[in-house]
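**Student:**
2 protein chains.
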Amino acid sequence: MSESLNIGSVAEASGLPAKTIRYYESIGLIRPAGRRANGYRRYSETDMRTLAFIKRARGLGFSVEEVRALLDLWADRSRRSATVRSLATKHIDALDCRIAELQSMREALAHLVKRCHGDTRPECPILSDLDGSGR
Amino acid sequence: MSESLNIGSVAEASGLPAKTIRYYESIGLIRPAGRRANGYRRYSETDMRTLAFIKRARGLGFSVEEVRALLDLWADRSRRSATVRSLATKHIDALDCRIAELQSMREALAHLVKRCHGDTRPECPILSDLDGSGR
DNA sequence: CTTGACCTTCCCACTGCTGGAAGGTTTAGG
DNA sequence: CCTAAACCTTCCAGCAGTGGGAAGGTCAAG
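In the order they appear, the protein sequences are chains A and B.
Note that the working numbering has the first sequence beginning at 2, numbered continuously upward.
Note that the working numbering has the second sequence beginning at 2, numbered continuously upward.
1. Quick check on this structure: which residue in A:126, A:122, A:7 has the alpha carbon closest to the alpha carbon of residue 39 (chain A)?
2. Check the Cβ of residue 100 (chain B) against every Cβ in chain A and list those closer than 8 Å, keeping chain order.
3. How about the region 26 to 39 of chain B and the region 57 to 69 of chain B: do they share at least three Cβ pairs that are nearer than 8 Å?
4. By a C-beta neighbour count over all protein chains shown, 10 Å radius and 16 as the cutoff for buried, is residue 98 (chain B) buried or exposed?
5. Quick check on DSSP: helix, strand or coil for residue 41 (chain A)?
6. Could you tell me the alpha carbon to alpha carbon distance between residue 35 (chain B) and residue 58 (chain B), rounded to whole angstroms?
7. Of the choices B:5, B:16, B:86, whose alpha-carbon is the least far from that of residue 119 (chain A)?
8. Would you say residue 111 (chain B) faces chain A, with C-beta separation under 8 Å as the test?
9. What three-state label does DSSP hand residue 36 (chain A) in the structure shown?
10. Should the region 110 to 119 of chain A be regarded as contacting the region 82 to 96 of chain B, the criterion being three or more beta carbon pairs within less than 8 Å?
11. Measure the C-alpha to C-alpha separation of residue 12 (chain B) and residue 5 (chain B) and round it to an integer number of angstroms.
12. Spatial neighbours of residue 51 (chain A) within its chain, please: C-beta separation below 8 Å, excluding the five flanking residues on both sides.
13. Return the residue from the list A:17, A:62, A:77 that minimises the CA-CA distance to residue 49 (chain A).
14. If we define contact as Cβ-Cβ less than 8 Å, is residue 128 (chain A) a contact residue for chain B?
15. Report the partner residues of residue 6 (chain A) according to the DSSP bridge assignment.
16. What first and last residue would you give for the alpha helix (DSSP H) that runs through residue 118 (chain A)?
17. Going straight from the alpha carbon of residue 15 (chain B) to that of residue 89 (chain A), what length do you get?
18. Would you verify that the beta carbon of residue 90 (chain A) is, or is not, closer than 8 Å to some beta carbon of chain B?
19. Below 7 Å on C-beta distance, what does residue 6 (chain A) contact in chain B?
20. Can you say whether residue 82 (chain B) is buried or exposed, counting buried as having 16 or more other CB atoms within 10 angstroms of its CB?
21. Thinking just about the alpha-carbon of each residue, which of A:114, A:64, A:22, A:60 is nearest to the one in residue 44 (chain A)?
22. Enumerate in chain order the residues of its own chain whose CB-to-CB distance from residue 124 (chain B) is below 8 Å, with the five nearest sequence positions on each side excluded.
23. Helix, strand or coil for residue 124 (chain A)? Go by DSSP, reduced to three states.
24. Is the shortest distance between the beta-carbon of residue 15 (chain B) and the beta-carbons of chain A less than 8 Å?
25. Return the CA-CA distance between residue 20 (chain B) and residue 33 (chain B), expressed in angstroms with no decimal places.
26. Looking only at its own chain, which residues have a Cβ that is under 8 Å from the Cβ of residue 2 (chain B), when we skip the five neighbours before and after it?
27. Helix, strand or coil: how does DSSP classify residue 60 (chain A) here?
28. So, with DSSP's three-state summary, where would you put residue 74 (chain B)?
Right, dumping it as structure tokens:
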């Protein structure tokens with residue numbers, strides 16, 4: 002067992018495109034993969050777990066830099082859970098911020114749409130609002 | 002009146018950085034500004050209104066391409082308000098989509114944070130979840 | 001006359017990939 | 001045995017939407 006895998010196999014297994022894996026290697030997010038005699042990258046089960054970790058962290062919206070920090074913590078047996086928690090909490094705040102921003106756009110726009118007839122006439126409160134001749 | 006303005010003045014008045022205004026010109030979002038004898042860009046009140054329009058549309062989260070379409074509609078006296086409305090509605094859908102995405106990240110992460118002690122010990126449900134050894 | 005605030009163009013950096021070109025390798029089928 | 005497909009490799013370029021900064025021209029105040 003523990004047969005080593007080509008990039009296509011880890012890609013499929015981890016859910017990350019091969020391109021993305023190479024990219025992660027190029028920016029030093031993961032260690033350079035070992036190579037076979039023919040130059041192909043060789044991955045282990047451990048590498049696969051790392052990639053799956055990254056995929057999940059990205060899925061929670063962590064930036065690549067944050068993932069880097071999480072990977073360090075993951076590897077650090079003497080970490081404090083408080084450090085991880087604070088990183089996560091900061092990220093939640095950022096998400097809340099972004100959500101609030103989008104919601105306020107959404108509300109403003111929904112309000113304008115409600116007042117637009119949406120027919121064949123050119124009069125449109127959406128455009129009126131945008132050009133400052135609001136109302 | 003109608004004195005013409007330098008880029009710095011329209012920038013301040015419209016709220017868009019001068020860099021951004023030049024960028025919008027370079028991608029053809031706005032028409033190339035006229036030039037003074039010394040090569041400086043020259044802007045009119047009309048240009049200012051256009052820039053303010055763009056700024057507001059961007060503030061509602063419309064992409065530059067969407068803004069391009071909105072500008073066309075704005076200039077089109079025979080437009081149908083239905084066209085504008087449908088563009089805006091599509092954008093609201095996109096916002097809703099993005100908001101839902103961020104909220105589901107937020108929820109998932111908040112759930113993990115709640116279960117993390119956040120103390121000096123290394124055990125951390127956040128990392129456990131990320132590496133797939135959840136629970 | 002000099003200083004500083006403008007303006008110009010240019011090119012690079014960022015985030016996080018994604019696509020494509022040009023080429024080497026391996027494998028399955030005829 | 002040959003070919004075609006499906007892998008893999010590297011490198012280069014691009015997306016959005018700016019921001020930063022270099023290197024230089026211009027203009028108004030003191």
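For each residue, glycine too, the CB sits at the ideal point set by N, CA and C.
**Tutor:** Taking the geometry as given:
1. A:7
2. Contact of residue 100 (chain B) with chain A by beta-carbon distance below 8 Å involves 100, 103, 104, 107.
3. At 8 Å Cβ cutoff, the stretches touch.
4. With fewer than 16 Cβ atoms within 10 Å of its Cβ, residue 98 (chain B) is classed as exposed.
5. coil
6. 24 Å
7. B:86
8. yes
9. Note: residue 36 (chain A) maps to strand in three-state DSSP.
10. yes
11. 13 Å
12. 31, 72
13. Of the residues A:17, A:62, A:77, the one whose Cα lies closest to the Cα of residue 49 (chain A) is A:17.
14. Yes - at least one Cβ of chain B is within 8 Å of the one on residue 128 (chain A).
15. A:44
16. Element bounds for residue 118 (chain A): n/a, residue is neither H nor E.
17. 37 Å
18. At least one C-beta of chain B is nearer than 8 Å to the C-beta of residue 90 (chain A).
19. The contacting residues do not exist; residue 6 (chain A) stays about 17 Å from chain B at best.
20. buried
21. A:22
22. 118
23. If DSSP states are grouped into helix, strand and coil, residue 124 (chain A) belongs with coil.
24. Residue contact check for residue 15 (chain B) against chain A: no CB pair falls below 8 Å.
25. 14 Å
26. At residue 2 (chain B) the pLDDT is 47, less than 50, meaning the model places this residue with poor confidence; the figure from the coordinates comes in the next sentence. Same-chain partners within the cutoff: there are none.
27. helix
28. Helix, per DSSP.
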